[in-house]
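In what follows, a structure is listed as structure tokens, so that the remarks can point back to it.
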Amino acid sequence: MQTKKPLTWFIQLLLILLAIAARLLPGARTIDDAYITFRYARNIVAGNGFVYNPGEHVLGTTTPLYTLLLSLCSLPLGGEQAPFPEMAQVINALADGLTCLILLRLGMRLGYPWAGAGMGLLWAITPYSVTFAIGGLETSVYVFLLCACGWAYLQEKRILSALAGSFMLMTRPDALIFLGPLALDRLWRMARPALEGAKAPVGEAGEPSGRGQSRPWLELLALLLPTAIWALFATLYFGSPLPHSITAKTLAYRLPEMNALQRLSQHYAAPFVDDYTLGVTWMKVGIFLYPILSVLGGRLAYKAQARSWPFFAFPWLYFLTFSLANPLIFRWYLTPPLPPYQLSILIAGEHLLRQLFVWRAKGEAPLSPLLKGLRTTALALLVAAPLLLSINAWTLRPDHGQAHPAPRMAWIALELYYRQAAELLNEDFQASETPPLVAAGDVGVLGYYTSAHILDTVGLNSPQSVRYYPLDASLYATNYAIPPDLIMDYHPDAVVILEVYGRLGLLEDARFNQQYRLRHKLEADIYGSEGMLIFERLD
Numbered sequence: 001m002q003t004k005k006p007l008t009w010f011i012q013l014l015l016i017l018l019a020i021a022a023r024l025l026p027g028a029r030t031i032d033d034a035y036i037t038f039r040y041a042r043n044i045v046a047g048n049g050f051v052y053n054p055g056e057h058v059l060g061t062t063t064p065l066y067t068l069l070l071s072l073c074s075l076p077l078g079g080e081q082a083p084f085p086e087m088a089q090v091i092n093a094l095a096d097g098l099t100c101l102i103l104l105r106l107g108m109r110l111g112y113p114w115a116g117a118g119m120g121l122l123w124a125i126t127p128y129s130v131t132f133a134i135g136g137l138e139t140s141v142y143v144f145l146l147c148a149c150g151w152a153y154l155q156e157k158r159i160l161s162a163l164a165g166s167f168m169l170m171t172r173p174d175a176l177i178f179l180g181p182l183a184l185d186r187l188w189r190m191a192r193p194a195l196e197g198a199k200a201p202v203g204e205a206g207e208p209s210g211r212g213q214s215r216p217w218l219e220l221l222a223l224l225l226p227t228a229i230w231a232l233f234a235t236l237y238f239g240s241p242l243p244h245s246i247t248a249k250t251l252a253y254r255l256p257e258m259n260a261l262q263r264l265s266q267h268y269a270a271p272f273v274d275d276y277t278l279g280v281t282w283m284k285v286g287i288f289l290y291p292i293l294s295v296l297g298g299r300l301a302y303k304a305q306a307r308s309w310p311f312f313a314f315p316w317l318y319f320l321t322f323s324l325a326n327p328l329i330f331r332w333y334l335t336p337p338l339p340p341y342q343l344s345i346l347i348a349g350e351h352l353l354r355q356l357f358v359w360r361a362k363g364e365a366p367l368s369p370l371l372k373g374l375r376t377t378a379l380a381l382l383v384a385a386p387l388l389l390s391i392n393a394w395t396l397r398p399d400h401g402q403a404h405p406a407p408r409m410a411w412i413a414l415e416l417y418y419r420q421a422a423e424l425l426n427e428d429f430q431a432s433e434t435p436p437l438v439a440a441g442d443v444g445v446l447g448y449y450t451s452a453h454i455l456d457t458v459g460l461n462s463p464q465s466v467r468y469y470p471l472d473a474s475l476y477a478t479n480y481a482i483p484p485d486l487i488m489d490y491h492p493d494a495v496v497i498l499e500v501y502g503r504l505g506l507l508e509d510a511r512f513n514q515q516y517r518l519r520h521k522l523e524a525d526i527y528g529s530e531g532m533l534i535f536e537r538l539d
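Rendered as structure tokens:
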């Protein structure tokens, strides 16, 4: 068997195993939003339907494919009793392992093996990948489908690319940011021969003959059939294929203008979590350095393989789309653009180093042994530098949760407080014959670890909450402010909030204070809060 260069199949297997180990070692550090998806999946296998609260057909998750995947994987593991956090951790570890392999091969295909090797190793340990894999979110599956779709398109495996694109769209709706340019490129390649009045080059127009060829209608079918089936089901079952949570977030969150632009700019200025090691001052350099290198790397990739442009344009289209929409940027929103962004930077770095040593040799061919050694050392440092920056963004012993090595940003203190609150609610309502109605702003942990009927005060899973927004600005001490009228109208049995969520509104409302009393207070200072408060209704 011919040996794979520059890495053997064995080394590539080790790369996948490294990625898996880096996600199993910390243990599950599950994020609140992931528990929402887990509750949907658990209700599916329990026979309650695709619902968050039994009996309420509301699409409050933006990731139906991931939800269905979790449901399917839970069947041999106990169904509704399956350990969803650990199961999601394993699924995400496998997805990220395959992503590392794709990134490695993508760099090699483009003619930049050092950049590919560096990117594969980097994605195995980078905190923005590991944190949300162990956090139980769909991010790892989404990024895998992004890379798989781009890689298959580059390889002219068009049906596979279309199918990956379809699944990507069912994992997160913002996949359109990538699929739109990809579709435009495909249409242009199909139409170009006719427009130019010439015969299509082999592999360009979608004829059925030759390697990688396919009939366009098969590609279209692979792209549209899965999404059409889901859209039809969602329309009949939920009333719309669009997640209700998108509308709720738009109405409930109050954000300064250009808040997303600022957050994304900071992220793009430190793509290798540079700020953990070099401090925020370095970001003043990174805000110019990295975008310039990324544009250069993307151009070099385009020259090597023209079909690669949608993949390398994705970070900038993502940046533009979210900056204009100005949503609340959750941490996991920052992960998807990183693979093409980081890879383009490494491609530019490899190219510049190679050109430097060609210049140093004054055009001599081949390079002298000394210059070859220096070049190899410089390229090794190009790979090592991002790895060292990422490793420094880990901690050997987190100050909360499991005491296993984990990325510093794998922060779950809020979830641990809600877990305590869930246990207290279970004790308080253990004698209740019917599930209590519990109102909360963060509903993932509470929904997963209790059988309560949840009133989502932000409205992601409870559409009745949406009509109480937008709230008056004076009621916001931070996002997730609780509408007092919502509580008064629905009279939940319990209200669980961080104090800061109700500081300027609910906790100052005379009606609320007459009808509810504080049952428990957990000493939590998250978001500047004066504890986590659990109120019970006075009968």
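With the numbering used here as the guide, the letters of the sequence shown map in order to residues 1 to 539.
Every residue, glycine too, gets a C-beta built ideally from N, C-alpha and C.
Problem set entry | At least three beta-carbon pairs within less than 8 Å, the stretch 14 to 31 to the stretch 400 to 408 | yes
Exercise. How many Å lie between S344 and F288 at the Cα?
Worked result: 15 Å
Exercise. Do you know how far the Cα of G349 is from the Cα of A248?
Worked result: 43 Å
For this session: Kindly confirm or deny that the stretch 69 to 76 and the stretch 27 to 47 touch, where touching means at least three C-beta pairs closer than 8 Å.
Result: Contact between the stretch 69 to 76 and the stretch 27 to 47 is present, because at least three Cβ pairs lie under 8 Å.
Exercise. Considering only C-alpha positions, which residue in the set L176, K372, R537 and M108 is nearest to P336?
Worked result: L176
For this session: Since I believe Q355 is in contact with L522 (beta carbons under 8 Å), could you give me their beta-carbon distance rounded to a whole number of angstroms?
Result: Not confirmed; about 59 Å, so no contact.
For this session: Grab the span of the beta strand (DSSP E) containing F535 for me, first residue to last.
Result: M532 to R537
For this session: Whole angstroms is fine: what's the gap from T250's alpha carbon to P327's?
Result: When rounded, the distance between both Cα atoms is 7 Å.
For this session: Please say whether R172 and Y142 have beta carbons closer to each other than 8 Å?
Result: yes
Exercise. Which residue's Cα is closest to the Cα of I454: Y468, L460, P463 and A439?
Worked result: A439
For this session: Note down, one range per segment and in chain order, each alpha helix (DSSP H) of at least 4 residues found wholly within the stretch 204 to 258.
Result: Inside the stretch 204 to 258, DSSP marks whole alpha helix (DSSP H) runs of 4 or more residues at positions 216 to 238 and 244 to 252, from first to last along the chain.
Exercise. Do you know whose CA, among G116, G79, T434 and R192, lies nearest P340's CA?
Worked result: With distances taken between Cα atoms, P340 lies closest to G116.
Exercise. By Cβ distance below 6 Å, which residues in the same chain neighbour A205 in space, the five residues on each side in sequence not counted?
Worked result: Low local confidence applies: a pLDDT of 38 at A205 is under 50, so the model's placement there is unreliable, with the coordinate-based value given in what follows. Here the set comprises M190 and P193.
Exercise. Thinking C-beta only, is S166 closer than 8 Å to A260?
Worked result: no
For this session: Specify the secondary structure class of I31 as computed by DSSP and reduced to three states.
Result: coil
Exercise. With which residues is D456 paired in a DSSP beta bridge?
Worked result: A440
Exercise. Are E86 and A162 close, meaning C-beta to C-beta below 8 Å?
Worked result: No, they are not a contact pair.
Exercise. If we ignore side chains and look at the alpha-carbon of each, how far apart do I292 and A304 end up?
Worked result: 19 Å
Problem set entry | Contact under 8 Å by Cβ, L382 with M119 | no
Exercise. What three-state label does DSSP hand K284 in the structure shown?
Worked result: helix
Exercise. Nearest CA to the CA of I11: which residue from A93, L101 and F38?
Worked result: L101
Exercise. Helix, strand or coil: how does DSSP classify V202 here?
Worked result: Only weak support exists for where V202 lies, its pLDDT of 48 falling under 50; the coordinates are left without a value.
For this session: Report the rounded CA-to-CA distance for L460 versus H244, giving the unit in angstroms.
Result: 6 Å
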